[in-house]
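A.B. asks:
Residue numbers (this note's numbering): 3 to 65.
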């Protein structure tokens, strides 16, 4: 789990994979209702936004 949070790009890809899995399950099967789908989408957006934030602001300037 520490490796995921060290690299911001892996956070972004994790969020995208979570969203893709939720989209697949909601569109092709009846396993997920709309409320659960919304919660999963919000969680995946948090992953992506945190990854972008860490990618932009988390880099330390090299001397």
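Heads up, the beta-carbon is just placed ideally off N, CA and C, and yes, glycines get one too.
Given residue 11, which residues of its chain have a CB within under 8 angstroms of its CB, disregarding the five upstream and five downstream residues?
C.D. replies: As a working note, residue 11 is residue 9 in the chain shown. The answer, listed in chain order, is 53 and 57.
A.B. asks: Please confirm whether residue 14 and residue 46 have their CB atoms less than 8 angstroms apart.
C.D. replies: Residue 14 sits at position 12 when you count from the first residue of the chain shown. Residue 46 sits at position 44 when you count from the first residue of the chain shown. For residue 14 and residue 46, no; Cβs fall outside 8 angstroms.
A.B. asks: Here's the rule: buried if 16 or more other CB atoms are within 10 angstroms of the residue's CB, otherwise exposed. What is residue 23?
C.D. replies: Within the chain shown, numbered from 1, the residue matching residue 23 stands at position 21. It is exposed - the Cβ of residue 23 has fewer than 16 other Cβ atoms within 10 Å.
A.B. asks: For the alpha helix (DSSP H) that residue 17 lies in, which residues bound it at each end?
C.D. replies: Against the chain shown, residue 17 aligns to sequence position 15. Where residue 17 is concerned, the enclosing alpha helix (DSSP H) stretches over 10-30.
A.B. asks: Tell me the rounded alpha-carbon separation between residue 48 and residue 16.
C.D. replies: Counted from its first residue, the chain shown places residue 48 at position 46. Counted from its first residue, the chain shown places residue 16 at position 14. Looking at the two C-alpha atoms, the distance is approximately 11 angstroms.
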